[in-house]
Amino acid sequence: MLADGWPAPELRRPPREAPPAEAASPARPPGLRERKKAETRAAINRAALDLFEQHGYDAVGVREVADAAGVSLATLFSYFPDGKASLVFPGGRADHVAALVRAVRERPVGHGVLRALHDHMASRGPFERNPDPDVRRTLELVRATPDLADHALRTWTVAEDDLAAAVTEEAGLPADDLTARLLARYVLQIPDLARTEPDARRTLDVVLGLLARGWPACLTETG
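Residue 137 is where the sequence shown starts when you use my numbering, and the numbers rise one by one after that.
What follows is the structure, given as structure tokens:
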């Protein structure tokens with residue numbers, strides 16, 4: 137459980153109201169095109185994991201990954217435009233940034249910004265309690281490969297501007313307030329810190345707990 141923040145009445149915002157109840161509509165199943173794209177992306181990702189594990193990251197080229205996945209080099213880069221280091225990460229940077237912002241903007245009523253970020257990050261790669269085998273393989277490769285560690289860090293920190301903007305709006309902070317940018321920067325550095333710690337989830341809990349104790353109440357209150 138994250139601690140309450142120190143009171144900061146001048147930064148408090150009105151409690152969030154629950155959206156009007158709407159009849160739940162069943163989610164549309166992915167069409168054939170979406171399924172094919174997901175299968176191709178997964179095949180490239182698995183081929184990269186297999187080859188990097190077997191031969192080492194530096195000894196494998198992107199063409200070898202494309203051949204192993206049964207796709208052209210152009211197709212590989214259309215799915216993974218951020219280059220070789222991105223091949224072991226199933227989601228792209230744009231998807232990652234969008235997911236962080238959604239976690240803040242679409243958080244449950246009664247959850248503060250920090251709680252929403254904690255819950256979102258706790259369900260991701262290094263912070264999962266019981267990650268699936270491919271996630272474990274990826275984490276081991278990242279720990280052992282500086283280029284992959286650098287890419288993983290950039291994948292988080294590239295979200296700083298978008299996350300800061302979402303926090304500013306959701307917490308009711310003035311547009312020129314530095315609080316949201318500081319928070320975004322601290323939070324997005326947690327995965328890199330956790331990479332060198334024996335218990336990544338505990339690192340997440342400890343750092344966000346410390347932030348919650350010293351941050352304005354508008355980011356931690358449960359109104």
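C-beta atoms are modelled at their ideal positions from N, C-alpha and C, and glycine is treated no differently.
Tell me which residues share the same chain as residue i and place their Cβ nearer than 8 Å to its Cβ, disregarding the 5 neighbours each side in the sequence.
{"i": "Leu209", "result": "Val198, Arg199, Ala202"}
Count the other CB atoms, across all protein chains shown, that sit within 10 Å of the CB of residue i; report buried if there are 16 or more and exposed otherwise.
{"i": "Glu276", "result": "exposed"}
{"i": "Leu344", "result": "buried"}
{"i": "Gly248", "result": "buried"}
{"i": "Val245", "result": "exposed"}
{"i": "Ala311", "result": "exposed"}
{"i": "Ser161", "result": "Interpretation of Ser161 is limited by its pLDDT of 48, a score under 50 that renders its predicted location unreliable; the figure taken from the coordinates is listed afterwards. Exposed, because fewer than 16 other Cβ atoms sit within 10 Å of the Cβ of Ser161."}
Can the beta-carbon of residue i be found closer than 7 Å to that of residue j?
{"i": "Ala302", "j": "Arg241", "result": "yes"}
{"i": "Ala174", "j": "Pro262", "result": "no"}
{"i": "Arg229", "j": "Thr274", "result": "no"}
{"i": "Ala295", "j": "Val196", "result": "no"}
{"i": "Ala221", "j": "Leu284", "result": "yes"}
{"i": "Arg243", "j": "Ala252", "result": "yes"}
{"i": "Ala239", "j": "His256", "result": "yes"}
{"i": "Ala183", "j": "Ala204", "result": "yes"}
Could you tell me the alpha carbon to alpha carbon distance between residue i and residue j, rounded to whole angstroms?
{"i": "Tyr215", "j": "Phe225", "result": "11 Å"}
{"i": "Tyr193", "j": "Leu187", "result": "8 Å"}
{"i": "Gly280", "j": "Arg169", "result": "It should be pointed out that residue 280 corresponds to Ala in this sequence rather than to Gly. Approximately 36 Å, taken between the alpha carbons."}
{"i": "Ala178", "j": "Lys172", "result": "10 Å"}
Leaving aside the five residues before and after residue i along the sequence, list all residues of the same chain whose C-beta is less than 7 Å from its C-beta, in chain order.
{"i": "Glu264", "result": "Val271"}
{"i": "Val323", "result": "Leu253"}
Give me, in chain order, the residues of the same chain whose beta-carbon lies closer than 6 Å to that of residue i; leave out the 5 immediate sequence neighbours on both sides.
{"i": "Asp298", "result": "Val233, Val237"}
{"i": "Pro334", "result": "none"}
{"i": "Ala330", "result": "Pro262, Ala336, Thr339"}
{"i": "Asn181", "result": "Pro226"}
Mind reading off the beta-carbon distance from residue i to residue j? Whole number of angstroms is fine, and I expect it under 8 Å.
{"i": "Trp351", "j": "Leu250", "result": "7 Å"}
{"i": "Ile326", "j": "Leu314", "result": "In fact, because the Cβ distance is near 19 Å, the residues do not count as touching under 8 Å."}
{"i": "Leu289", "j": "Asp231", "result": "Actually they do not touch by this definition, with Cβ atoms about 17 Å apart."}
{"i": "Ala396", "j": "Ala320", "result": "Coverage of the chain is limited to positions 137 through 359, which leaves residue 396 absent and any answer about it impossible."}
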